[in-house]
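full-length UniProt numbering puts the last residue of the sequence shown at 113; the count rises by one with no breaks.
Each remark here refers to the structure printed beneath this line.
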Amino acid sequence: MTLLEKVIGVEHSGRVRGIGGNVCPSASFGMPRHSISHANVSSSYNLSDQHVEDSEKHVETFEEKLTGYEETKEKLEETKKRLAQNENHLATLHRFLQAKFGSELPTFNLDSS
1 MTLLEKVIGV EHSGRVRGIG GNVCPSASFG MPRHSISHAN VSSSYNLSDQ HVEDSEKHVE
61 TFEEKLTGYE ETKEKLEETK KRLAQNENHL ATLHRFLQAK FGSELPTFNL DSS
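Printed below as a string of structure tokens:
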């Protein structure tokens, strides 16, 4: 037995020498007592991070779809305007031909319904 062993005593597992009885390193140095609970917190953070990433991807997808929808809507409005212009031109042409050729011109229905 050494002098240190006589003063401090026999070493016991789970005890830090010089701090006192029944003190373990986790309590003294702020280390978690149960690494499992620490792992659970870590995994829940990972799940939260994954959920945030998934949500951000969904938002990006919806924004892309919305942009595509808005572009399609604009094109549809332009197409409707051109169609109305073409119908006006066709009606004007039909009136001109009727005035020019009268009864020789076959008639047709201009209704778009």
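Idealized CB from N, CA, C, for every residue including glycine.
Please confirm whether residue i and residue j have their CB atoms less than 8 Å apart.
i, j, result
"residue 90", "residue 97", "no"
Kindly list the residues whose CB is nearer than 7 Å to the CB of residue i, restricted to its own chain and excluding five residues on each side of it in sequence; keep chain order.
i, result
"residue 2", "none"
Does the CB of residue i have a neighbour CB from chain B at under 8 Å?
i, result
"residue 93", "The chain labelled as chain B is not found in the depicted structure, where only one protein chain is given."
Less than 6 Å between C-beta atoms, sequence neighbours within five positions excluded: which residues of the same chain meet that for residue i?
i, result
"residue 78", "none"
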